[in-house]
Each structure stands twice: as structure tokens, then as C-alpha cells.
Amino acid sequence: MQCTDVLVVGHLADELPLPTDGFAWHLIEAITERVSVTTGDQGRVEVWCRKNHPRAA
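Counting from 2, one number per residue, gives the positions in the sequence shown under our numbering.
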């Protein structure tokens, strides 16, 4: 099986939480198989998503 991985790295201003209850977040969850969020020091945030693609017969 082939897949596409997307990693977005950024910084949230003033240690704000990443909003995961809005429409955009629900859309990401609906169109991907996996989503994970990792946070770090000074507002660093990483969002990783994976979309599987079945191979054509």
C-alpha cells in the first residue's frame, strides 16, 4: 500500500492551544487515516497526517 505523509511544523503564539474542535480539524480527521499532534517548548507544534492509497489492480 502506498501512502502520503504530511508534517506541518510551527509555533503557536503565546503558548495558545492548538484548536482541534473546529470544522477544519474534523475535515482533516475525516480525510486521513491517522493524525497526531506533538507539542514542545516555546509553543512548538507538529501536526502529522497519513493518507493511505490502495494500489491499482
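Just so you know, even glycine gets a beta-carbon here, dropped at the ideal spot from N, CA and C.
This structure is a prediction, so every number in the text was calculated from the model and none was measured.
(request) Under the assumption that Gly44 contacts Leu13 (Cβ atoms under 8 Å), give the Cβ distance between them as a whole number of angstroms. (result) Here residue 44 corresponds to residue number 43 of the sequence shown, with the count starting at 1. Here residue 13 corresponds to residue number 12 of the sequence shown, with the count starting at 1. Between Leu13 and Gly44 the Cβ distance is about 4 Å, and since that is below 8 Å, they are a contact.
(request) Report all residues from its chain with a CB closer than 6 Å to the CB of Glu47; omit the five preceding and five following residues, and keep chain order. (result) Working through the sequence shown from its first residue, we reach residue 47 at position 46. Cβ within range, chain order: Val10, Thr39.
(message) Rounded to whole angstroms, what is the Cα-Cα separation between Ala31 and Asp15?
(response) What you label residue 31 is simply residue 30 of the sequence shown in a count that begins at 1. What you label residue 15 is simply residue 14 of the sequence shown in a count that begins at 1. Spanning the two alpha carbons is a distance of roughly 29 Å.
(message) Suppose you measure from the CA of Pro1 to the CA of Glu34; what does that come to, to the nearest Å?
(response) Any answer about residue 1 is impossible in this case: the structure gives the chain only from 2 up to 58.
(request) Have a look at Asp42, Gly23, Ser37 and flag the residue whose alpha-carbon is nearest the alpha-carbon of Asp6. (result) Taking the sequence shown and counting its residues from 1, the one referred to as residue 6 is at position 5. It is Ser37 whose Cα lies nearest to the Cα of Asp6.
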